[in-house]
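Report on the structure given below.
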Amino acid sequence: MNAADGEFLAEREKIQIIPNFSHDKLYLIAGDVGPFVAGLPCEVPLWLAVNLRQRGKCRLVAPSWMDPDALTQKKEDEAQSKVFTEMPSQYYLAVAQLILTTAPQDVPNSQLVKTLVKDIWDLRISKLRSSVAEFVRESGRHARLYHLTPTELNTIQPVLPAALDQLHRLSSAAVTAASGGGDASSQQHDTSVL
Numbered sequence: 001m002n003a004a005d006g007e008f009l010a011e012r013e014k015i016q017i018i019p020n021f022s023h024d025k026l027y028l029i030a031g032d033v034g035p036f037v038a039g040l041p042c043e044v045p046l047w048l049a050v051n052l053r054q055r056g057k058c059r060l061v062a063p064s065w066m067d068p069d070a071l072t073q074k075k076e077d078e079a080q081s082k083v084f085t086e087m088p089s090q091y092y093l094a095v096a097q098l099i100l101t102t103a104p105q106d107v108p109n110s111q112l113v114k115t116l117v118k119d120i121w122d123l124r125i126s127k128l129r130s131s132v133a134e135f136v137r138e139s140g141r142h143a144r145l146y147h148l149t150p151t152e153l154n155t156i157q158p159v160l161p162a163a164l165d166q167l168h169r170l171s172s173a174a175v176t177a178a179s180g181g182g183d184a185s186s187q188q189h190d191t192s193v194l
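Using UniProt numbering, the letters of the sequence shown correspond one by one to residues 1 to 194.
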């Protein structure tokens with residue numbers, strides 16, 4: 001999965017909008033949305049919310065987890081915990097980026113929200129990197145990854161399997177050299193993690 005795939009999946013998440021138009025229910029492949037009544041909140045997929053907002057047809061209502069107090073608490077929880085905490089959305093970073101780029105004026109304290117989301121991301125990526133380093137240092141064979149989001153996993157996916165394969169080849173070569181025989185390069189070992 002690449003960043004574009006993550007954004008595509010994030011766009012399927014539902015958020016509320018306040019339309020400035022009225023329209024009957026829309027029958028979409030992904031599900032029905034509406035009816036739209038001017039001034040009344042309506043839940044729609046993020047991709048539709050972004051499209052309507054860009055055309056000036058609605059205001060976005062930020063998800064409750066994008067409240068500065070909720071994000072501050074999440075940041076504190078993440079900083080204090082040795083393990084990853086559960087995130088309110090699997091695609092929190094992409095959702096926040098889409099909302100904050102499309103309609104920062106619709107999000108109270110948008111700059112603070114942007115900073116807090118970035119801080120949480122940085123904390124989690126730092127924790128992920130140190131976990132991977134410890135896993136490699138201890139010659140781990142498998143690991144359980146709880147509460148990591150697909151976007152976070154995507155940051156280590158290109159590097160980790162290749163690094164583990166290389167470490168295995170080196171350790172196999174060292175064992176073979178110590179025992180005095182065999183061609184270690186002929187041994188294949190798949191350490192696919194993701």
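Ideal Cβ placement from N, Cα and C applies to all residues, glycine included.
Boundaries of the alpha helix (DSSP H) in which residue i is found, first to last residue
i: Gly-31; result: Element bounds for Gly-31: not the alpha helix (DSSP H) but the beta strand (DSSP E), 31-33.
i: Lys-114; result: 110-137
i: Val-83; result: Premise fails: Val-83 is in no alpha helix (DSSP H) and is neither H nor E.
i: Leu-153; result: 150-156
i: residue 195; result: No information on residue 195 is available, as it lies outside the stretch 1 to 194 that the chain covers here.
i: Glu-7; result: 3-10
For residue j and residue i, believed in contact at Cβ under 8 angstroms, the rounded distance
i: Ile-15; j: Pro-41; result: That pair is no contact at about 10 angstroms.
i: Ala-49; j: Cys-58; result: 7 angstroms
i: Leu-26; j: Val-33; result: 5 angstroms
i: Thr-149; j: Gln-90; result: 5 angstroms
i: Ala-10; j: Val-117; result: Not confirmed; about 13 angstroms, so no contact.
Endpoints, beta strand (DSSP E) assigned at residue i
i: Leu-60; result: 58-61
i: Leu-26; result: 26-28
Residue i, buried or exposed, once every other Cβ within 10 Å from all chains shown has been counted against 16
i: Arg-12; result: exposed
i: Ile-99; result: buried
i: Leu-28; result: exposed
For residue i, the residue or residues it bridges with in DSSP
i: Gln-16; result: Glu-43, Val-61
Nearest-angstrom Cα separation, counted from residue j out to residue i
i: Ala-133; j: Gln-111; result: 33 angstroms
i: Gly-39; j: Ser-130; result: 48 angstroms
i: Arg-107; j: Leu-52; result: Looking at the sequence shown, residue 107 is not Arg but Val. In a straight line, the C-alpha of Val-107 is about 16 angstroms away from that of Leu-52.
i: Ile-156; j: Asp-122; result: 14 angstroms
Contact test: residue i Cβ vs the ligand PLP heavy atom, cutoff 7 angstroms
i: Trp-65; result: Absence of the ligand PLP from the depicted structure is noted, as is the absence of any ligand whatsoever, leaving it without description.
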